[in-house]
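Trainee: Chains as they are written, first to last, in UniProt numbering: chain Y, 1 to 688; chain A, 1 to 688.
Backbone N, C-alpha and C define an ideal beta-carbon position, used for all residues, glycine too.
There are 2 protein chains.
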Amino acid sequence: MKYLLVLLLAGVTASAQIKKEQLNLMPWPQSVVLNDGNFALNKNFKVNITGNPNPRIFGGVTRFLRRLDGRTGIFFEQGFITKLNEVPTAELQINCTKSGKIGLYEDESYHLDIKTNKITINATSDLGALHGLETLLQMLQNNNTSFYFPASKISDFPRFTWRGLMVDAARHFQPVDVIKRNIDALAATKMNVLHWHLVDDQGWRIEMKKHPKLIEKASDGMYYTQEEIKNIVKYADERGILIVPEIDVPGHASAILTAYPEIGSKVITLTGGTSEKNIQGTAIATYGIERNAGIFSPTLDPSNPKTYQLLSELFDEVCPLFPGAYFHIGGDENEGKDWDSNPKIQEFKKKNKLTTNHELQTYFTMQLIPMLKKHGKQLMGWEEILTKNMSKDAIIHAWRGPNEGVVAGQSLIESVKKGYKTVMSNGYYIDLLYPIASHYLNDPMPKGADLTAEEKARVLGGEATMWTELVSPLTIDSRLWPRTVAIAERLWSAEDITDLASMRRRLDVVSFRLEELGITHIRNKDVILRNISNNQNIDFVEEFTNVCEPLKGYKRNKGGTEYQMYSPLTLFADACTPDAKDSLAFDDAVAQYLANKTPENKAKVTAFLNKWIAVNKGLVELSANAPLIQHFLPLSKKLNDASQELLLVLDNKSTLKVDDLKNLIELCNSKDHADVELSVYESLKKLI
Amino acid sequence: MKYLLVLLLAGVTASAQIKKEQLNLMPWPQSVVLNDGNFALNKNFKVNITGNPNPRIFGGVTRFLRRLDGRTGIFFEQGFITKLNEVPTAELQINCTKSGKIGLYEDESYHLDIKTNKITINATSDLGALHGLETLLQMLQNNNTSFYFPASKISDFPRFTWRGLMVDAARHFQPVDVIKRNIDALAATKMNVLHWHLVDDQGWRIEMKKHPKLIEKASDGMYYTQEEIKNIVKYADERGILIVPEIDVPGHASAILTAYPEIGSKVITLTGGTSEKNIQGTAIATYGIERNAGIFSPTLDPSNPKTYQLLSELFDEVCPLFPGAYFHIGGDENEGKDWDSNPKIQEFKKKNKLTTNHELQTYFTMQLIPMLKKHGKQLMGWEEILTKNMSKDAIIHAWRGPNEGVVAGQSLIESVKKGYKTVMSNGYYIDLLYPIASHYLNDPMPKGADLTAEEKARVLGGEATMWTELVSPLTIDSRLWPRTVAIAERLWSAEDITDLASMRRRLDVVSFRLEELGITHIRNKDVILRNISNNQNIDFVEEFTNVCEPLKGYKRNKGGTEYQMYSPLTLFADACTPDAKDSLAFDDAVAQYLANKTPENKAKVTAFLNKWIAVNKGLVELSANAPLIQHFLPLSKKLNDASQELLLVLDNKSTLKVDDLKNLIELCNSKDHADVELSVYESLKKLI
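#1: Could you give the DSSP three-state label for A:F173: helix, strand or coil?
#2: So with CB distances below 8 Å, who are the chain Y contacts of A:H631?
#3: Taking only the alpha-carbon atoms, compute the straight-line gap between Y:N48 and Y:K20 and give it to the nearest angstrom.
#4: How would you label Y:L594, buried or exposed, when you count the other beta carbons within 10 angstroms and need 16 or more for buried?
#5: Using the Cβ count rule (16 or more neighbours within 10 Å means buried), how would you classify A:L25?
#6: With a threshold of 8 Å between beta carbons, is Y:S654 in contact with chain A?
#7: Are there 16 or more other CB atoms within 10 angstroms of the CB of A:Q17, so buried, or fewer, so exposed?
#8: How is the alpha helix (DSSP H) around residue 690 of chain A delimited, first residue to last?
#9: Within 10 Å of its beta-carbon, does Y:L311 have 16 or more other beta-carbons around it, so buried, or fewer, so exposed?
#10: Closest to A:R181 by CA distance: which of A:T62, A:T135, A:R239 and A:I215 is it?
#11: Using beta-carbon positions only, say whether A:L321 and A:V244 come within less than 8 Å of one another.
#12: Along the chain, where does the alpha helix (DSSP H) that runs through A:E347 open and close?
#13: Please confirm if Y:N531 has its CB atom under 8 Å from at least one CB of chain A.
#14: On a CA-only basis, which of Y:I57, Y:F76 and Y:P55 is nearest residue 695 of chain Y? Give me that one, please.
#15: Looking at the strands, I want to know which residues DSSP matches up with Y:E463.
#16: Interface residues of chain A around Y:P568 at Cβ under 7 Å?
#17: Please name the residues in the segment 569-582 of chain A whose beta-carbon is closer than 7 Å to at least one beta-carbon of chain Y, in chain order.
#18: Please check the pair A:I114 and A:A151, which I expect to be a contact at CB under 8 Å, by giving their CB distance rounded to whole angstroms.
#19: Out of curiosity, what's the CA-to-CA distance linking Y:G331 and Y:W162?
#20: Starting from the C-beta of Y:K552, find all residues in its chain whose C-beta is less than 7 Å away, skip the five residues before and the five after it, and write them out in chain order.
#21: Any beta carbon of chain A sitting closer than 8 Å to that of Y:G11?
#22: Starting from the N-terminal side, write out each stretch of the alpha helix (DSSP H) that is 4 residues or longer and does not extend beyond the segment 578-627 of chain A.
#23: Beta-carbon within less than 8 Å of A:R205's beta-carbon, same chain only, minus the 5 sequence neighbours each way: which residues are those?
#24: Enumerated in chain order, which unbroken segments of the beta strand (DSSP E) with a length of 3 residues or greater are wholly contained in the segment 167-227 of chain Y?
#25: On the criterion of 16 or more Cβ atoms from any shown chain inside 10 Å, does Y:T356 qualify as buried, or is it exposed?
#26: How close, in whole Å, do the beta carbons of A:K604 and A:A614 come, if the pair is a contact with beta carbons under 8 Å?
#27: Quick one: which chain Y residues come within Cβ less than 8 Å of A:D177?
#28: Mind reading off the beta-carbon distance from Y:M191 to Y:G164? Whole number of angstroms is fine, and I expect it under 8 Å.
#29: Could you check if Y:E262 is buried or exposed, using at least 16 other CB atoms within 10 Å of its CB as the buried criterion?
#30: Mark Y:T520 as exposed unless 16 or more other C-beta atoms lie within 10 angstroms of its C-beta, in which case mark it buried.
#31: If I follow the unbroken beta strand (DSSP E) through Y:V32, where does it start and stop?
#32: Residues of chain C with a CB under 7 Å from the CB of A:E227: which are they?
#33: What does Y:A624 touch in chain A if you count any residue whose Cβ is under 8 Å from its own?
#34: Residues in its own chain within less than 6 Å of Y:E489 by CB, not counting five upstream and five downstream?
#35: A:E562 to A:T545, Cα distance in whole Å?
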């Protein structure tokens, strides 16, 4: 009888209808309707494709099956899918009207219809169908013994056409496998652009057959071969991702000038001769690959015809590697120091009636437009390229914000009002390790700005930027994910999808699922912690990461010289992430306790305090055989001391004067240890 | 005063002399002498290189610095090393007499001398120096605050010249990054050969420009481009590793014959005509890429001149990709079924006086020798190629053992006695998931065999084999490591280095350090467990892996059809490894208790039993939301039931009859769940 009851209960579990708010869809689709019943998965589950899709759908469906294999352990009979209409009776039917084109404004919509005995995905193009498959994977549910999809109807399409991620492969080189697995993650989160920052002061990363000096002298051997680039472009195409390459000019040019100093702007004045006769002259400066982080002066010479000759040749070699319609030429952060001190350039400005360096840079940028047009490419650049004479064909990449003395969103408004198509990155600088909420609530469409429909249409979308001064192949995934999923939702879903609690709940599952694509954000954290703890148990170190966040903004690596582009970055801060796990939970516990001082609510707070005391004790013990723990032990000690005193405070047993207590808590506001800060400091303060 | 004391104690710790048996060196060097004092590491530590080394040393030293950076968090000032004698005053001086050649019989010796203020590595070739750097990394010690090298003198050289690993990229394709990181791991463990099994029934993995059909029809799009191969060969060369490619013929030929059925041996008899007149004929069979595991009949036709024409062309394209002097042509497991049933081949045998299929295969193999010689390559093949007429130039790869009905080591003895240079793989089949001890104690030099010095010299060394029927990119590292380090020690270190306890202690540290090379054997286990537990806490599942081992030998995937070459292998067995963590510890606890039934010894045993009861309870709870746990829950239940009863037995409170108790324990000997077995079964039995 007991067994029968269990079976009955299992039956109840299996058929329990899931609610919409329990679904872990992200980006949230435009329309979701749940119906009664479930589609049960079994080994015979098969897929069939009809219509006129691009062949990329075959690989997409095969990968879909393998991921479903992996999650469910079912290992379906169907292997590789290589043809249309292979299994007309299949349970999952995918129909696409036409072949999807990789680029802007393509129809990426899809309709997913899950019935209890049949699933259909209808899409205009295979790109929409690929999105539909990702949604279907996210619809997977389980009870205690089996997997199923809940009956439902989903209609979906993106809000913005440009949903991008920029990856900087210059500061810390990012090998092919890093790029590939992140392309998979972009596809899984319905993003469609990878902006590949390939050249900067710290290196030139593209194999050049006609200009081999660039890789011989300016890459430290770390570059992508042309075949690797073509292979990645193909890989991206198969997953619906457009690649936009960037060669950053005229500033950020240390690497280019290391190979070609003759087109640099810096002048060296030579003084010689005798006391009777002074001989003065100028010479070309030499340059070296930059090892540090910062904004540097090496800049191309816009007055030198050789500069344009070389750039034209470089574009001739690089453009054919990238079939996409856009080419990013950077154009940012050129301070013009070397221009100001170069008499020839000053003369050139006068002659061409260019009154400011900004106008001079516009002159420079305008020369590049035909070089790119020749290859069917539209020029894109960071917002500094925008001046009154800039071609309206250029796409503006808005990035500056309060940190650069610009009101948030202002650059984008100016740009679209002036008639430029614009992509928004201000507010999406995920390398700065700000909390996820700040990115999630940052809408590319400026609120309250008085934009016409035409101007609004020029807001193409947004792009998360992953600059890699402090990011290595070991850590890049944890800097990218899961926060980039929140940006993906902002760019895909309806404007009013802004509930933080819902986002966090869904993100927890979507983040975990990224592991199946090879994303290392979870697994590599433990690798760093094992190194720090010197092969001892990592539980205490891991607990401490739950209350520590890496310094935000530009506070880590001040001056840009503490860490170099070859630094392995295996430190405690590199294992920590924004939105430290215990922060919100502790803040909730404190708020509940302050609102209602029941023993239960008190116990929730003291549980945290006691945990941190135990963590400190554990860390002290581990540190006897782990020098790297010393870096953050003082911070743990501060949290320990505050926790011990707060336990007394909560019991009304503290004998400290208020000021001394405040000082003790204030010590937890330290930013002096191991490049991290305590994320629970603000909540601790509330307890006194 | 208190602080002074702490400082003094720290001083004592720092200068405490380490003992030889505390060093975590592996493979253990030929000579180690410890002296007084330590070399302390700080940010100014620099390296200088002198002599006439191959430039590969520059990258090797740069990587050495980065790894030391990562371990210590010191981040040394020295960046890239690109020249000889850059820092004549550097603390670490490396001198090499000559440029090392990648191949057999090269001098790989080195002398490492660590003094308190200076370290020197002297080596004949840079290959020896690279080994010396690995030893130096393994010499790193720490106290609570700092890192240092103990003063010492090490002289070292390998016992065998062939220290290899075979990786099968045909069964489950292994992407470039998998191959690269494992080349790093081979270099770190002083191995020097990567035997790359590139072609088998399940796929052809080499891009062919002149024979594109092979990748179009027989690779499923999973192959290495020629540039990737060259890139890997270069990568291996830079790390002192010889690559030996393998194209397996004439058997294992399903992939080749999928593209070129016309050179297959299978005959199809056609019967037609009318009742008055029978028309009979033969036709060429068609072939398909094999999806399952096993030994299959598709075999090249040795009587067909086209076979040799094609092979010659294939070698012409493939050989130049591999500068090494050896080419492996497989030659194994050809059962000759299709030869026997092909009248033309039977006729060919008669005509050429080849009485057996074995002689026919020798005829075939002999044709390949000049094709390879033309490219400066020596032929190597699995032991089946050895027959009385086989050229003495061929290198024999001995692999068969008791599983194939051959006495262990017998093939090798026969081979060297007959005059062939021989590499040993029998006993090193790490894909079969046997305990590490079985590989560690397996010496390539047969004990007790009556070999002359000349015959002994023909024993080149050994090779671990990683066949990938049940191994995916996600799991390959945990199948390779750390067990391959034990084989590396067997092949490098002196014959009498056989202490299992010492090996296990050292391996624990060396295994952990492999993580810094990107080896995923530790981190990817948790990825699988997170998937199995459906994003719930993995502690209980992890604990259960500590007593579970994947089925050994050929017991998993019986018949070869349960798992396919595209199966993702994300199951519980794929997270488990040989030598499950708790097995030895529990066995020790049982042995101690049985020897001396003190309360302390009893407590050690009951702690395990209680843990397994708790694990089962935890798994039951998790399984409510994790269907994949159901696969092994019955096994956990069996261990739970046995543990509960044994607790009663230990307290003399069991009321079960002896036979019932025995049966209860015997249930723990099950091999019916989730492709694993309980590693503590034998120890449990001892308790009754």
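Mentor: Quick look at the numbers:
#1: coil
#2: G73
#3: 28 Å
#4: exposed
#5: buried
#6: no
#7: exposed
#8: Any answer about residue 690 of chain A is impossible in this case: the structure gives chain A only from 1 up to 688.
#9: buried
#10: A:R239
#11: no
#12: P343 to K351
#13: yes
#14: Any question about residue 695 of chain Y goes unanswered here, given that chain Y covers just 1 to 688.
#15: Y:G164
#16: R66, D69 and G70
#17: T570 and L571
#18: 5 Å
#19: 20 Å
#20: L432, L433 and Y434
#21: Low per-residue confidence applies at Y:G11: pLDDT is 42, beneath 50, and the placement is therefore not dependable, though the value from the model is reported in the following sentence. By this cut-off, Y:G11 is not an interface position.
#22: 581-595 and 599-623
#23: A169, A170, F173, L198, V199, S219, M222, Y223 and Y224
#24: 193-200
#25: exposed
#26: About 16 Å separates the two Cβ atoms, so there is no contact after all.
#27: P175, V176 and D177
#28: 7 Å
#29: exposed
#30: buried
#31: S31 to A40
#32: Annotation note: the requested chain C is absent from the structure, which comprises protein chains Y and A.
#33: N144
#34: M26 and P27
#35: 22 Å
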